[in-house]
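To start, the structure itself, in structure tokens.
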Amino acid sequence: MPDMVSLSRAASGQPSQFKTPYSENGGTILAVAGSRFCVVAGDTRRTDGYSQTRYAPKVFRLTDKAVLAVNGFSADGNMFVNKVRQQLEWYRHGHARDMPLHEIARLMQTMLYARRFFPYYVSNILSGIEEDGSGAVYTFDSVGSYERDTCRVAGAAQSFMQPYLDNQDDWYTRPSVHYKNQRSTHSSSRPTQLPLSSVLSLVMDSFVNASERHVEVGDGLEIYVVLAKGSSLQGLEKLTGAQEVTATSDGERVFTVRRSLRRD
Amino acid sequence: MSIMEYNGGSVIAMVGKDCVAIASDLRLGNQALGVSSNFQKIFPVTDRIYLGLPGLATDVTTLRELFRYRVNMYTVKEERDIEPETFAHLVSSTLYERRFGPFFIEPVIAGMSKTPAGGLKPFIAATDLIGCLNFAKDFVVAGTASSKLFGVAEGLWEPDLEPEDLFETISQTMLNAVDRDAYSGWGVMVHVITKDKVISRTLKGRMD
Amino acid sequence: METSFAITGKGYIIVAADTTAARSIVKMKTDEDKIKTLSPHLLMAYSGEPGDTIQFAEYIERNIRLYQIRNNYPLRPPAAASWIRRSLAESLRSRKPYAVNLLLGGYDTTTYTPHLYWVDYLGTMTEVPFGAHGYGSYFALSLLDRYHDPEASLEEGIVTLKRCIDEVAKRLVVTPGKYKVKVVDKDGIREIEL
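Chains as they are written, first to last, in the UniProt record's numbering: chain A, 1 to 264; chain B, 1 to 208; chain C, 1 to 194.
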């Protein structure tokens, strides 16, 4: 049944009176899981039409083993991160430990679906270290559908970066993962070993490429690296600007790396 | 429903060292339903110009026939082959003739053009559906997977690739881009144009 | 609902179309022939907007015949298909476009090869090993992906066609009922009973 009110308004050529409560603030986020680490990255540009802010982070450390990247409507994103953090704090008080990653993922589904009919306008990528020490990436849509991935991009430049990573994930970091379109289709496609140094340069390259072609991507790149319990620094100590942001001494360690991107 | 996405399909062209490459997918669909896995979107114009026509399939055929006619008339009148630059402007003006009722096609042109010294140099160009020309120095993309092609090409392409390396680059770009596009894929056709020959290859792709 | 299929095999093409002429929810007729013989080796199954189909099919039929009378030879399948496609493509940008979908099956007597063209009302044309129009295409195409064999004999081809018809009868809500089936090969055109 057509909506008669909007039809008559469309016919009279008047703009809709209704103001949407959402905006779209551009930017892109990305996460890659390794066997004993994970990398989460996001650019720091926030756009509002043609104007922009140069440093508005959208990747957040939740615990020492979980990092959350939020992309879409940044007000909703920030509020959602606050709500997740509040839940995690209550969990810590109740259980005297940090919530495991897969539990955070399920919690986020519940929280997102609770707003099924007025959603947080956000694509979430949760990444970190599972209880078995493996790196993991969980991707969510705005109403809570989620799946575990090895490599995922979301946001404005998703279509630019995801197919590039499908291809490079593997190629850069041989001997490794899927080798998309570079191997027979029958070979095993279960990801195995990716060295951290290769993943980091791949992530940086991807953002440089995206900022080259997309107006909503640029200014700065903020990367979080989470290392599993007892794993070595794998070259992180030599990386310029790598900064440790670990809060506890439980085992998992979190680092940040910042790089600049095109500002035009 | 966008008319540019009704049949699906994508084309890309790249510049190399003394060569150019152009590639397309082979799918023809009716929205989500695949109809043909052998629908050519790239056509030879002269011995060293190829034209890619992604967009609405009826206009792919109509424009192919129209350009064949106009290039034949040019060849007869001028008693010589058309140059890529000239052909690009022919494409542009042909599309602009229909400014207010356009053909739903975004052409991509790849060819080798004559230099004043008598040599050949690579040439690529693309236009929008009303004929606005884009002469790029690296690569041009068009079709339903264009944003994906941009992303992969931006990462893989580098200047002065030899024909075989250019073939590998354009093939990987195309295959990985169309694998993330539901409306493109079902096989890929690649042409690499060098000074003295054209290498044409059909690639198998994912069928999902 | 209107449905048509066509499949190629070794030296032949089978074209099948349902025989119902419906208006709204009423079956007006159940023996309508929706496959025209355009020339001694060319068949055209047509479907779409009721008035347009017959008007367009007859226009094509008479003009293909006129060409044969004027030139003393018929158009070969690729040439006929190109001309028919162009008629639809030009009609598309006219004041009242024809809404007609076609399957063109022909046997080229100069190269001894069968050709099948899938054409829709927009003027989209592609040569295919098998094709279908209407709701039946959603069932038949996936079936033909599995069972079609370009080297199959006529008997095997008919078995494959029957699979398609049976599947549509089984799964489509409004089943077409009867089909008319025609074959074109080196000997010309003939109708066959399933």
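Backbone N, C-alpha and C fix where the C-beta goes; we use that ideal spot for every residue, glycine too.
The model shown is predicted, which means the values in this text are computed figures rather than measured ones.
Which whole-angstrom value describes the C-beta separation of residue i and residue j, a residue pair presumed to lie in contact below a C-beta threshold of 8 Å?
i: residue 253/A; j: residue 227/A; result: 5 Å
i: residue 121/C; j: residue 18/C; result: Not really, about 18 Å apart at Cβ, beyond 8 Å.
i: residue 110/C; j: residue 70/C; result: With a Cβ gap of about 19 Å, residue 110/C and residue 70/C do not count as contacting.
i: residue 4/C; j: residue 16/C; result: 7 Å
i: residue 27/A; j: residue 216/A; result: 6 Å
i: residue 95/B; j: residue 87/B; result: Between residue 87/B and residue 95/B the Cβ distance is about 13 Å, and since that is not below 8 Å, they are no contact.
i: residue 40/A; j: residue 124/A; result: Rounded, the Cβ-Cβ distance is 11 Å, inconsistent with contact.
i: residue 142/B; j: residue 20/B; result: With 8 Å as the limit, residue 142/B and residue 20/B do not qualify as a contact, their Cβ atoms being about 15 Å apart.
i: residue 54/A; j: residue 61/A; result: Between residue 61/A and residue 54/A the Cβ distance is about 21 Å, and since that is not below 8 Å, they are no contact.
i: residue 266/A; j: residue 148/B; result: Because chain A in this structure spans residues 1 to 264, residue 266/A falls outside the shown range and cannot be described.
i: residue 31/B; j: residue 6/B; result: 6 Å
With DSSP as the reference, label residue i as helix, strand or coil.
i: residue 5/B; result: helix
i: residue 55/C; result: helix
i: residue 107/C; result: strand
i: residue 51/B; result: strand
i: residue 105/A; result: helix
i: residue 65/B; result: helix
i: residue 50/A; result: coil
i: residue 190/B; result: strand
i: residue 161/A; result: helix
i: residue 204/B; result: coil
i: residue 34/B; result: strand
i: residue 244/A; result: strand
i: residue 93/A; result: helix
i: residue 40/C; result: coil
i: residue 70/C; result: helix
i: residue 170/B; result: helix
i: residue 80/B; result: coil
i: residue 117/A; result: coil
i: residue 138/A; result: strand
i: residue 25/C; result: coil
i: residue 73/B; result: helix
i: residue 232/A; result: coil
Leaving out five residues before and five after residue i in sequence, what residues of the same chain have Cβ atoms less than 6 Å from its Cβ?
i: residue 202/B; result: 189
i: residue 200/B; result: 191
i: residue 139/B; result: 14, 153, 157
i: residue 144/A; result: 109, 112, 113
i: residue 225/A; result: 39, 255
i: residue 235/A; result: 197
i: residue 175/A; result: Below a pLDDT of 50, predicted positions are generally treated as unreliable, and residue 175/A, at 36, falls in that range; no measurement from the model is reported.
If the cut is a Cβ gap below 9 Å, which residues of chain F does residue i touch?
i: residue 36/B; result: Of the protein chains in the structure, A, B and C, none is chain F.
For residue i, does the count of other Cβ atoms within 10 angstroms reach 16, so buried, or fall short, so exposed?
i: residue 81/C; result: buried
i: residue 237/A; result: exposed
i: residue 27/C; result: exposed
i: residue 41/B; result: buried
i: residue 89/A; result: exposed
i: residue 264/A; result: exposed
i: residue 125/B; result: buried
i: residue 1/B; result: exposed
i: residue 106/B; result: buried
i: residue 188/C; result: exposed
i: residue 173/C; result: exposed
i: residue 172/B; result: buried
i: residue 160/C; result: buried
i: residue 72/C; result: exposed
i: residue 112/B; result: buried
i: residue 82/A; result: exposed
i: residue 144/C; result: buried
Leaving out five residues on either side along the sequence, give the residues of the same chain with a beta carbon under 7 Å from the beta carbon of residue i.
i: residue 248/A; result: 64
i: residue 121/A; result: 22, 72, 73, 76, 142
i: residue 128/C; result: 116, 118
i: residue 93/B; result: 131
i: residue 134/C; result: 1, 2, 3, 4, 47
i: residue 186/B; result: 25, 26, 27, 34, 37, 205, 207
i: residue 151/B; result: none
i: residue 246/A; result: 64, 253, 254
i: residue 250/A; result: 64
So, for residue i: in the same chain, excluding its five sequence neighbours on each side, which residues have a beta-carbon less than 8 Å away from its beta-carbon?
i: residue 47/B; result: 81, 198
i: residue 171/C; result: 139
i: residue 84/A; result: 62, 68, 104, 107, 108, 111
i: residue 71/B; result: 45, 46, 82, 87, 90
Those runs of the alpha helix (DSSP H) which lie wholly inside the stretch 165-190 of chain C and span at least 4 residues: none
Uninterrupted alpha helix (DSSP H) stretches inside the stretch 128-166 of chain B (no shorter than 4 residues): 146-156
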